[in-house]
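Add 21 to the 1-based position in the sequence shown for the working numbering, that's all there is to it.
As structure tokens, the structure follows; a few thoughts come after it.
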Amino acid sequence: MNEVIIIVDMLKGFLQPGYPLFCGEKARRIIPFVAELLQKYSPEERIYVCDHHPPDDAEFKIFPPHCISGTEETKIIYELVSCPGIIVPKTRYSGFYKTDLEGKLEKLVPKRVTVVGVCTDICVMYTVADLRNRDYRVWVPIKGVASFDEEAHLFALKHMQQVLGAEVN
Ligand SMILES: [Zn+2]
22 MNEVIIIVDM LKGFLQPGYP LFCGEKARRI IPFVAELLQK YSPEERIYVC
72 DHHPPDDAEF KIFPPHCISG TEETKIIYEL VSCPGIIVPK TRYSGFYKTD
122 LEGKLEKLVP KRVTVVGVCT DICVMYTVAD LRNRDYRVWV PIKGVASFDE
172 EAHLFALKHM QQVLGAEVN
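Written out as structure tokens, the structure is:
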């Protein structure tokens, strides 16, 4: 299909109750939509960008410790395990920072990159920004993104559409 889907942080640490950065029950509502959308892509076209922190990561000055490498929190939620893909571990909001995402996309040369996952206003938005800085055509399906902060979610949707030039619908 020559398209790619980037699945941001659809991990137990963000979408399974009980973990420090659980995004809430409302965020879990995107799971069936994402699971269905992933069926349209082959494993080579699915790229999971996944939080993966060292135990003393500087990000823990901003957020409580979460998704430390090797823990259960860094695993993809079980609803999506039947849709395997390429795994890109990341330590910052953008899926591009100190990862090989750029090289992977350069090999795939996608006509369009779809971005789904959590949180709309954090890792989704910074990854979309870096995709648009590289002139990729980006689609953000509203039903496929969520945040623990509804106000920030709505701001990010507007920003990605009006300022970053992504298709948001
Ligand atoms: Zn993190």
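Positions of the beta carbon are idealized from the N, C-alpha and C atoms, including for glycine.
Predicted model, so just to flag it, every value in this text is computed and none were measured.
Cβ of Gly-45 less than 9 Å from any chain D Cβ? Checking the listed chains, one finds no chain D in this structure; it contains a single protein chain.
Helix or strand or just coil, what does DSSP make of Cys-104? The answer is coil: DSSP assigns Cys-104 none of H, G, I, E or B.
Three or more C-beta pairs under 8 Å: does that hold for the stretch 164-180 against the stretch 61-68? At 8 Å Cβ cutoff, the stretches do not touch.
Distance, Pro-75 Cα to His-180 Cα: Approximately 31 Å, taken between the alpha carbons.
Determine the direct distance from the alpha carbon of Arg-158 to that of Leu-152, and round the result to whole angstroms. The straight-line gap from Cα to Cα measures roughly 8 Å.
Burial state of Ala-48 (16 or more Cβ within 10 Å): By the neighbour-count rule (16 or more Cβ atoms within 10 Å), Ala-48 is buried.
DSSP state of Leu-185, grouped into three classes? Reduced to three states, the DSSP call for Leu-185 is coil.
Which same chain residues end up closer than 7 Å to Asp-170 when comparing Cβ atoms and leaving out the 5 residues on each side of it in sequence? Listed in chain order, the non-local C-beta contacts of Asp-170 below 7 Å within the same chain comprise Asp-142, local neighbours out to five positions each way being set aside.
When you compare each of Cys-144, Ile-89, Phe-54, Trp-160 to Pro-41 by their alpha carbons, which one comes out closest? Pro-41 has its Cα closest to that of Ile-89, out of Cys-144, Ile-89, Phe-54, Trp-160.
Does the beta-carbon of Cys-88, which I'm using as the reference point, lie nearer than 8 Å to any heavy atom of ligand 1? Look at Cys-88: its beta carbon is less than 8 Å from one of the heavy atoms in ligand 1.
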